[in-house]
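Shown next, in structure tokens, is the structure this report addresses.
In full-length UniProt numbering, the protein residues as written are 1 to 236.
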């Protein structure tokens, strides 16, 4: 350690470290989501005897993964080892990560169930002060194909920027809580209108506006190379 140009801080038990904290935040960049970030630090031994160094990490955490390399090392007196700590945030959560559409499920609040389809159950809820629709996936299997399909759908939804398509806030990728979060359509679906309004109660100009706005939304999808293939009067 004497040959190293590193200032060590002494801990209890004759162990010293180059830093008492590992800080993944930099002055210019936020921590990237779903990408592994690396920070290094050194641990030294001031004891007369050989000391084994092994880190115990938090378990049952599903918002991020954390690992340290090497996992186990034996240090003689006066020797130090450089460790690498790797952090991978799996969603955007309170802390300084970059903004992304990978949502922290603790920020979602469910109010009531709206409906149920073949692929999921839809709830009305809130996300960061916004009223949203939360679509929880049914029977989501823990395999690579299911997650790949879900990621592809999220990537597609994330590209939409149109006043005629409901806003996409993001998704939860934690296996036990997989869901999509979109803008809440406060006036319901066309089917809701058909069920609760008589034909003569819907003015012609409203009908025309619904047709025109729907056409603009479909045109936007087509212009971006996307075929919906499941357009219907009900939200599911």
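By construction, the Cβ of each residue, glycine as well, lies at the ideal position given by its N, Cα and C atoms.
| query | result |
| --- | --- |
| Which class does residue 93 belong to by DSSP, given the choice of helix, strand or coil? | coil |
| To the nearest angstrom, how far is the alpha carbon of residue 166 from that of residue 175? | 25 Å |
| Counting contacts by CB-CB distance shorter than 8 Å, is residue 162 in contact with chain B? | Looking for chain B here will not work: only one protein chain is present. |
| Per DSSP, which residues does residue 137 bridge with? Please list them. | 120 |
| My output table needs one value for residue 144: the three-state DSSP class, helix, strand or coil. | helix |
| For the alpha helix (DSSP H) that contains residue 195, what are its first and last residues? | 190-196 |
| Helix, strand or coil for residue 130, going by three-state DSSP, please let me know. | strand |
| In its own chain, which residues sit with a C-beta less than 7 Å from the C-beta of residue 9, not counting the 5 before and 5 after it? | 16, 17 and 20 |
| Can you list, in chain order, the residues of its chain with a C-beta nearer than 6 Å to that of residue 24? Leave out the 5 residues immediately preceding and following it. | 31, 37, 39 and 87 |
| Count the other CB atoms within 10 Å of the CB of residue 231; is the residue buried (16 or more) or exposed (fewer)? | exposed |
| Tell me the rounded alpha-carbon separation between residue 74 and residue 45. | 9 Å |
| Give me the residue from 187, 152, 163 and 3 with the minimum Cα distance to residue 170. | 152 |
| Could you say which of 85, 130 and 143 lies nearest to residue 107 if we only look at CA atoms? | 130 |
| Let's see if you can read the secondary structure: which residues bound the beta strand (DSSP E) around residue 67? | 64-69 |
| State the CB to CB distance for the pair residue 104 and residue 92, rounded to an integer number of angstroms; the pair is presumed to be in contact (CB under 8 Å). | 6 Å |
| Hey, could you find the ends of the alpha helix (DSSP H) residue 204 is sitting in? | 204-223 |
| Helix or strand or just coil, what does DSSP make of residue 186? | coil |
| Should residue 238 and residue 138 be called a contact, given that it needs their Cβ atoms to be closer than 8 Å? | A question about residue 238 goes unanswered here, because the residues of the chain that appear run from 1 up to 236. |
| Out of 79, 67 and 168, which one is the CA nearest neighbour of residue 51? | 79 |
| Along the beta strand (DSSP E) that carries residue 54, what are the first and last residues, could you check? | 51-54 |
| Quick one: residues in its chain with C-beta nearer than 7 Å to the C-beta of residue 184, no 5 flanking neighbours on either side, listed in chain order? | 124, 131, 132 and 133 |
| Could you tell me if residue 182 is buried or exposed, where buried requires 16 or more neighbouring beta carbons within 10 angstroms of its beta carbon? | buried |
| Which stretch, first to last residue, makes up the beta strand (DSSP E) that contains residue 31? | Counting along the chain, residue 31 falls outside any beta strand (DSSP E), and DSSP gives it neither H nor E. |
| Short check: CB of residue 68 to CB of residue 83, under 8 Å? | yes |
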